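One structure is given below, encoded as structure tokens.
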Amino acid sequence: MKTKFLYRYLSMILVTGGAGYIGSHTILVLLEAGYDVVVFDNLSNGSTEAIKRVERLANRKVHFEHGDIRDRKGLDEVLATYPVTAAIHFAGLKAVGESMKKPLEYFDNNVSGSIQLLKALRQAGVFNIVFSSSATVYGDPGTPVFNEEMPTGTPSNTYGYTKLVVEELLKKTQAADPRWRVALLRYFNPVGAHQSGTIGEDPAGIPNNLLPFIAQVAVGKRQQLSIFGDDYPTPDGTCLRDYIHVMDLAEGHVSALQALKRFDKGGVGIWNLGGGQGHSVLEMVKAFEKASGQAVPYQVAPRREGDLAQFWADPGKAKRELGWEVERTLHDMMADTWRWQSKNPNGYQK
Ligand code: NAD
Ligand code: WQD
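Quick note: the sequence shown uses numbering that gives the first Met the number 0, first residue 0, plus one each step.
What follows is the structure, given as structure tokens:
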């Protein structure tokens, strides 16, 4: 175990959305760091099989409560049952394209759900919360390196807008009541899987994101990848993103929980969780082929609306204030994705 996880400040963590992709990896890291975990998830995009596998990996129990964050009564019951000291809030909808077609569902799940959660936490006297935000809140600042001092911008889609609204909701809630300690974690592009290959990302239907799509092509579930544009002003013409291994991301949550404890008078901490380096779509394809030994056929397709040419995190603030930085390489991201995908070609459904 790493030294940075030796100190346990908070004990029982409520993890909303803990049956999903990032949540399942985070609960594993929490258990391994000695925390107790209660997951609250409506299973709209999560799996109890993921939780069972986490329990086996950690050799510890996860408390699971099936429920929806928009249901205040359900939240109150959970908070009355477990001695929760902090919440990590992953629950929400995340598909960019779908969010443009279903704004009411996105605002309802992501914004109304967060309001119910904050009210329930306040009533239970729990004032520590870590929120899953996204680099999308920067909008298009006109520079590729995003740092936390920059003002937030206008996200190009409704999903991103809900993240910005919840960030504002949390900031204003904390400003009105200094008992709150809030971490806003702005993720860049989470990819990869636990190194065992037993838990990973299990997208429903056609994957929206690059790496799950590549992995499904490699395993033979899809014919070829479409690369959305090769005429961007980047070295090889394809877009650059800051891909971060999901286990590095999960560890960032534990570091953020520990940092909150140091906020004697409450406060809001905003941290980018990224590696600080951009990789192009073509680089990703090549790196995946190398790590997996599989060919990934592709065609170049038109640009996708709303895509920025390139951006990556300035990860300096997280390093200084959380003592956290990424440890895993691009090869690790690819090898672990392939291990998960090849061992579980149909995800959690065998
Ligand atoms: P995911 O869909 O795998 O996990 C979300 C979980 O929340 C699922 O298990 C789902 O069943 C649950 N959920 C959804 N709505 C709920 C509700 N109303 N009540 C209770 N549970 C509900 O997504 P993920 O990739 O693990 O993302 C986790 C969080 O991180 C999300 O808030 C997402 O917006 C944010 N985020 C994700 C990415 C990414 O690229 N994956 C990037 C930035 C931020
Ligand atoms: C990465 C690159 C595509 C698929 C999204 C959300 C963001 C955050 C992370 C939640 C881009 C290209 C992709 C494909 C391709 N999510 N691509 N062919 O768009 O950077 O970020 O996920 O908060 O809010 O917008 O990630 O994986 O979709 O795309 O060429 O089939 O791969 O154009 O350059 P993105 P992505």
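No residue lacks a Cβ here, since even glycine has one placed at the ideal position from N, Cα and C. Values in this document were obtained by computation on a predicted structure and should not be read as measured data.
Considering only their Cβ atoms, is the gap separating residue j from residue i smaller than 7 Å?
| i | j | result |
| --- | --- | --- |
| residue 24 | residue 246 | yes |
| residue 354 | residue 196 | Outside the shown range of the chain (0 to 349) lies residue 354, about which nothing can therefore be said. |
| residue 94 | residue 207 | yes |
| residue 17 | residue 38 | yes |
| residue 280 | residue 226 | yes |
| residue 30 | residue 59 | yes |
| residue 115 | residue 71 | yes |
| residue 358 | residue 254 | Nothing can be reported for residue 358, as the shown portion of the chain is limited to 0 through 349. |
| residue 305 | residue 155 | yes |
| residue 309 | residue 143 | yes |
| residue 106 | residue 312 | no |
How long is the line joining the alpha carbons of residue i and residue j, rounded to whole angstroms?
| i | j | result |
| --- | --- | --- |
| residue 164 | residue 63 | 28 Å |
| residue 294 | residue 237 | 19 Å |
| residue 124 | residue 67 | 20 Å |
| residue 209 | residue 61 | 31 Å |
| residue 224 | residue 216 | 7 Å |
| residue 65 | residue 44 | 12 Å |
| residue 171 | residue 151 | 15 Å |
| residue 303 | residue 54 | 39 Å |
| residue 87 | residue 324 | 19 Å |
| residue 298 | residue 127 | 47 Å |
| residue 34 | residue 57 | 11 Å |
| residue 321 | residue 47 | 31 Å |
| residue 265 | residue 168 | 16 Å |
| residue 340 | residue 346 | 7 Å |
| residue 248 | residue 300 | 31 Å |
| residue 97 | residue 160 | 13 Å |
| residue 22 | residue 129 | 12 Å |
| residue 181 | residue 296 | 44 Å |
| residue 355 | residue 288 | Examination of residue 355 is not possible in this model, given that the chain is present from 0 through 349 alone. |
| residue 135 | residue 122 | 31 Å |
| residue 147 | residue 275 | 13 Å |
| residue 6 | residue 220 | Below a pLDDT of 50, predicted positions are generally treated as unreliable, and residue 6, at 41, falls in that range; the measurement from the model is reported next regardless. About 44 Å. |
| residue 213 | residue 330 | 14 Å |
| residue 358 | residue 218 | Nothing in the structure corresponds to residue 358, since the chain is present only between 0 and 349. |
| residue 162 | residue 290 | 34 Å |
Around the C-beta of residue i, are 16 or more other C-beta atoms found within 10 angstroms, so that it is buried, or is it exposed?
| i | result |
| --- | --- |
| residue 261 | exposed |
| residue 15 | buried |
| residue 235 | exposed |
| residue 153 | exposed |
| residue 387 | Any answer about residue 387 is impossible in this case: the structure gives the chain only from 0 up to 349. |
| residue 104 | exposed |
| residue 327 | buried |
| residue 100 | exposed |
| residue 272 | buried |
| residue 259 | buried |
| residue 240 | buried |
| residue 336 | buried |
| residue 201 | buried |
Check the Cβ-Cβ distances between residue i and every residue of chain C, and say whether any is below 7 Å.
| i | result |
| --- | --- |
| residue 170 | The structure shown contains no chain C; it holds only a single protein chain. |
From the DSSP output, which residues share a beta bridge with residue i?
| i | result |
| --- | --- |
| residue 266 | 180 |
| residue 63 | 38 |
| residue 86 | 13, 128 |
| residue 240 | 278 |
| residue 223 | Looking at the DSSP assignment, residue 223 forms no beta bridge with any residue, so it has no partner. |
| residue 133 | 186 |
| residue 272 | 186 |
| residue 297 | 224 |
| residue 144 | 311 |
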